[in-house]
Structures are given as C-alpha cells and as structure tokens.
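Numbering-wise, the working numbering puts 183 at position 201 of the sequence shown, and it's gapless, one number per residue.
Every residue, glycine too, gets a C-beta built ideally from N, C-alpha and C.
Model, not experiment: these values are computed from the prediction.
Contents: one structure, followed by commentary.
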Amino acid sequence: MKNGVMIQYFEWNLPNKGEFWNQLKKDSKHLHEIGVTSVWIPPACKATTSDDVGYGIYDLYDLGEFDQKGSVRTKYGTKEELKAAIEELQKNQICVYFDAVMNHKAGADYTEKFLVKEVDPNDRERQISDAYEIEGWTGFDFPGRGDKYSNFKWHYYHFSGTDFNQENGKVSIYQIQGDGKAWAEGVDGENSNYDYLMFADIDFDHPEVIEDVSNWGKWVANELNLDGFRLDAIKHINSKFIGHFLDTVRKERGEEFYAVGEYWRKDVQSLNDYLAALDYKVDLFDVALHYNFYQASKKGKDYDLQHLMDDTLVKNHPEVTVTFVDNHDSQWGSSLESQVDGWFKPLAYGLILLQKEGYPCVFYGDYYSIGDKQSPHHLIIDILLDARRKFAYGDQQDYFDHPNTVGFYRTGDDKHPGSGLVFLMSNGEEGFKTINVGENRKGEVWYEFTGNIKDEVTIDENGNGTFTVEGGNLAVWVKKG
Ligand code: CA
C-alpha cells in the first residue's frame, strides 16, 4: 500500500436523504484521481431511525434492505445502492472499510423484565443498589427481517447492562444480573471498568453472542465484498472477542483483510497496551497525535513545535498507526469535541500526508463540507495529496529543532525520479532552515509547491539549501522540472 490514503467519507451532519451511497458512487473516480486508496464508509446498519448517523445501531443484518425502524433505507440509502457504490469504488482500485458497531444495540422491539444492580457511573465495579427487577429494552426479534441471514433473537441475558427502566423512567447504569454475569475483562480501565458505554451493552462473554456476531463479520464481509473494518468503540469491548472476531473474518477473507480500531484515549501507553493485547492484529487511530494537533492549534506560537510528535502512536508503532487530524467525534458539537483550529489544519495535513510513517486518513468534513458549510481546506488538501503522490518517497530526516519552525526532509527514491521534498511549518514568525539534501543535488533548483512562496532555492555545491516558511503556515519545497 505505497503511499496509501484513507478517507473518512462522512461527517456528523449529513442530510437524511438516502442519497449518500449514490453520491459516493459518483465520487469514486475522483477519489481515485486524487490518490485515495481506501474509504471508511459511515455505519451502514439499520439504526434507531433514518436520522441516526448509524451508531445507534438496531440490526447488524439490515443494511438498508428491510422495512424496520420506519424505513427500508438507512440515512445513506439502500443496500443495493451501497453494493453499487462499493463495486464502483473497487473498480477504481479503492478499498472499502466497513464501520462495525458491535459494542451495543439500540431501539429494541420490546421490553423484558430482569434483575439488575445499579452501579456508580464513576466506579462501575461499585454496586449502589441491591438486586431488583426492572423493565428494560432488550428484546430484539426483528419483525421486518424475520430469520433471513440469521435467526438469532436477542434477550436480556445477551447484554451486560442497560441504562433505562421503562417501569419508572429512571436513568441509571444497570448491571444485568445472572449466573457468571460481570462487566467484561479486556476493556478500558476508566471508571474502573468501561465496558458500558450506551444503550443495551452487548455481553461478549456469552457464547451465543460470540457465535452470532462472528458469523455476522464473515457474512457482511462476503455480502459486500469488503476489504476491511473500522471497529467502533473498541475500548468498551472485550479485547479477547476482537481478536477472535478478526481471526474468524481473516480465516474467511484472507490475512490481508484490514482492520483499524477506534480506541479513544490520548495517552499513548493505553494505545500501546491495547496493541500488545491484540498481538498487533489491528491498527489504531493516533488519538495522541490528534490531541497534540489540537493543543498546538489552541496555543499558537506559545506551543513548542519540537514536542509535536512526542508520545504519539506513530512514533511508537508506525507500522500499525492511522494518522488523522479530525473526525466525526472530534468535530465541533460532537461527543469528544476537540476540533483542531482552522489555521493549523493545513499544517497538520501537510505533516500526516508527507511524513514517511503512518497511514493517513483525510476527514470528509475537512475536504468537502460540514453541514452546508464548504471546507476552506479543500484546495490545500488537493495540493498535499498531489505532493504525496509525486514527491513523498524515501527516508526522512527530522528537523524538530526550533520551538516555532519545524519540518523534515524526505530524500526521495530511485523508483520515483525527481522525488524528495522539504516540509516546513511555522506557528510563529516567518522561519527558515538550512538543510543538506546531498551533494548529488548541487545545482538543483527547488520551488515551493503550495504556491505560498514565490522564491526559488538553488542547492549549493555542498548540497545545502536554505528553505523558508511563512509565519503560521506550511511550505513544501520540491525540485523544479
Ligand atoms: Ca461494552
């Protein structure tokens, strides 16, 4: 996957028109032309309503095929339209990653009565009530789908917890009681045990659940001819199940079947530990780098750019890291809001698209639009994608040696004649760096590829060039001609 680029092809505020799979299909050729090699599509299973982004998931086996929850289609369209979009993407040599939402289920068909204990939301291992009976939304029989694809029906004992008692309307975290019932092991340690996130939390210690959801993984990968998964909310799911799930799907689809997990923690140690627990079977998003970008964008010139890459996943485990700037959860108004300020986004995209390490992911909201507001970054991302394809090859020499101006030199390689580049960013005044690009390059004339700077640089007889960057901007220097 030389210089692969993923795009997260959705944001939180897309219109509920059922036209999105058609839009994606139409956009396939363009995505190929700009250098996109994989698309992370929005969660495609039937959710609570067609207004739902898809994380309020109702039925894993309904991809917009059955009249359930008020419509056949999902927010994005029908299953047939989804299949057509995927075929078109793959015709354009673009891989398709499915957003697998496996932590929970929402919009149950009926209530059931069962025993629970309430727990302290900040300390989930601490029970704050005796066992008593509630009426919870845990019965799923999928009247619109029936037994097609799977005859599995969900009951309260397939879940570990829920948060609403229909009998009295009380919201709490209810841990479901029963033989051997407990919060899952192998989940994040926040709040003592972060198994429970929302809705009816699936119990991945239950053998019937393990079997049906693993079968679903094989089924959906085959049915849609998928190339990989983006695994939602994995810090809330037993890591042992995730390992088993990936083994099962890869046995069916091949070892190269891709997976990246969303483990939303900014401390890199948690990410390292998770990767080790999963034996590096899964890539993770570099949430630590995202938060460094966020901090840098907020602090402006007071942020010491020499530390921009400190304690990031891409520095720890570059071979299993997906780098990104923002996503649907960090975007303004979302649950994990930490949106990188606009002035810094081109700098951050320059870094992830031109550096050697990491599998970069471009966010739909940064490239196209958020709601009906066009992104101001469309053009610069196009330019950086173009630079990635043409010049971003070879080894990398870092110049993180000044608080306000940092960058790196990519040496280029023999397979890509004329390749190599100097990337610089500044969060303060105009800056410059003298960089040795090798004596073999003496006499070469370099120019600034984004068009921010009009001067040219001639490499001297020792192989040195002095490259500049505007204050608060980025510069990409490449060989002319
Ligand atoms: Ca869970």
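Residue i - containing alpha helix (DSSP H), residue span
| i | result |
| --- | --- |
| I192 | P189 to E205 |
| A259 | V250 to A259 |
| V296 | L295 to N298 |
| K65 | K61 to K73 |
Minimum C-alpha distance to residue i - residue among the options
| i | options | result |
| --- | --- | --- |
| A166 | P125, V153 and F223 | F223 |
| K(-16) | D123, V18 and V427 | V18 |
| F405 | F449, I158 and S10 | F449 |
| K297 | V250, N409 and D129 | V250 |
| E426 | N444, N309, G413 and K436 | N444 |
| D31 | G89, K95, T303 and D380 | According to the sequence displayed, residue 31 carries Thr and not Asp. The shortest Cα separation from T31 among G89, K95, T303 and D380 belongs to G89. |
| K280 | G454, G376 and S111 | G454 |
| V451 | K436, P189, G199 and D102 | K436 |
| T93 | P103, S320 and Y139 | Y139 |
| L97 | G143, L206 and L64 | G143 |
| G52 | I16, H218 and D34 | D34 |
| G162 | F186, A215 and A369 | F186 |
| R106 | A82, G171 and E70 | G171 |
| I352 | I417, L333, D145 and D308 | D308 |
| L333 | V78, L287, Q356 and K355 | L287 |
| C27 | H299, F211 and V83 | V83 |
| D183 | E70, F146 and R212 | F146 |
| D91 | W22, P103 and F124 | F124 |
| K87 | F122, G243, D364 and T393 | F122 |
| W22 | G402, Q379 and A241 | A241 |
| I441 | P399, V458 and N418 | N418 |
| Q75 | I216, I16 and V101 | I16 |
| N(-14) | L(-4), S20 and N4 | It should be noted that the sequence gives Gly, not Asn, for residue -14. When only C-alpha atoms are compared, the closest one is S20. |
| D49 | G126, Q5 and E62 | G126 |
| L(-4) | P103, Y350 and K8 | Y350 |
| T60 | L206, Q379, N150 and D102 | L206 |
| I219 | I110, K397 and N85 | N85 |
Boundaries of the beta strand (DSSP E) in which residue i is found, first to last residue
| i | result |
| --- | --- |
| G481 | In this structure the chain extends from -17 to 463, so residue 481 is not present and cannot be described. |
| P342 | Y341 to F345 |
| Q277 | Counting along the chain, Q277 falls outside any beta strand (DSSP E), though it belongs to the alpha helix (DSSP H) covering V269 to K281. |
| S111 | That residue, S111, is in no beta strand (DSSP E); it is neither H nor E in DSSP. |
| T230 | Per DSSP, T230 belongs to no beta strand (DSSP E); it is in the alpha helix (DSSP H), S221 to R235. |
| N147 | F141 to N147 |
| K263 | Neither: K263 is in no beta strand (DSSP E) and is coded neither H nor E. |
| F96 | Y92 to D102 |
| Y156 | K152 to I158 |
| G243 | Y240 to G243 |
| D81 | C77 to A82 |
| R127 | Counting along the chain, R127 falls outside any beta strand (DSSP E), and DSSP gives it neither H nor E. |
| F211 | G210 to L213 |
| D183 | A182 to I184 |
| I(-11) | M(-12) to Q(-10) |
Residue i Cβ short of 7 Å to ligand 3 heavy atom set
| i | result |
| --- | --- |
| N422 | Among the ligands present in this structure, namely ligand 1, ligand 3 is not found. |
Discussion item. Any contact between the stretch 125 to 135 and the stretch 172 to 179? By contact I mean 3 or more CB pairs, one from each, below 8 Å.
Written reply: no
Worksheet item: Are three or more beta carbon pairs between the stretch 426 to 434 and the stretch 376 to 390 nearer than 8 Å?
Response: no
Worksheet entry | Minimum length 3: unbroken beta strand (DSSP E) runs contained in the stretch 15 to 52 | Here the runs fully enclosed are 20 to 22 and 39 to 41.
Item to complete: May I have a chain-ordered list of the beta strand (DSSP E) segments no shorter than 3 residues that lie completely inside the stretch 352 to 393?
Response: 378 to 381 and 387 to 392
Practice prompt. Specify which residues have a beta carbon nearer than 7 Å to any heavy atom of ligand 1, listing them in chain order.
Written response: N85, H86, S142, A166, V169, D177, Y178, L179, D183, I184, H218 and I219
Worksheet item: Counting only runs that start and end within the stretch 408 to 463, where is the beta strand (DSSP E) found for 3 or more residues in a row?
Response: You should have 413 to 418, 427 to 430, 438 to 440, 446 to 451 and 456 to 461.
Worksheet item: Counting pairs of beta carbons, one from the stretch 308 to 327 and one from the stretch 276 to 293, are three or more of them closer than 8 Å?
Response: yes
Worksheet item: So does the stretch 320 to 335 actually touch the stretch 412 to 425, counting three or more Cβ pairs closer than 8 Å?
Response: no
Worksheet item: Just checking, does the stretch 112 to 122 make contact with the stretch 231 to 250 on the three C-beta pairs under 8 Å criterion?
Response: no
Worksheet item: Contact between the stretch 366 to 376 and the stretch 407 to 417: three or more CB pairs below 8 Å?
Response: no
Discussion item. Three Cβ pairs or more, each shorter than 8 Å: is that satisfied between the stretch 40 to 49 and the stretch 6 to 22?
Written reply: No: fewer than three Cβ pairs fall under 8 Å.
Discussion item. Does the contact criterion of 3 or more C-beta pairs under 8 Å hold for the stretch -9 to 0 versus the stretch 337 to 348?
Written reply: yes
Fill in: Ranges of the beta strand (DSSP E) found wholly within the stretch 286 to 334, counting only runs of at least 3
303 to 306
Discussion item. For the stretch 54 to 71 against the stretch 149 to 157, do three or more pairs of beta-carbon atoms, one drawn from each stretch, fall closer than 8 Å, so that the two count as touching?
Written reply: no
Fill in: Inter-stretch contact at 8 Å, needing at least 3 Cβ pairs: the stretch 261 to 269 / the stretch 300 to 308
By the Cβ criterion, the stretch 261 to 269 is in contact with the stretch 300 to 308, since at least three pairs of Cβ atoms, one from each stretch, lie closer than 8 Å.
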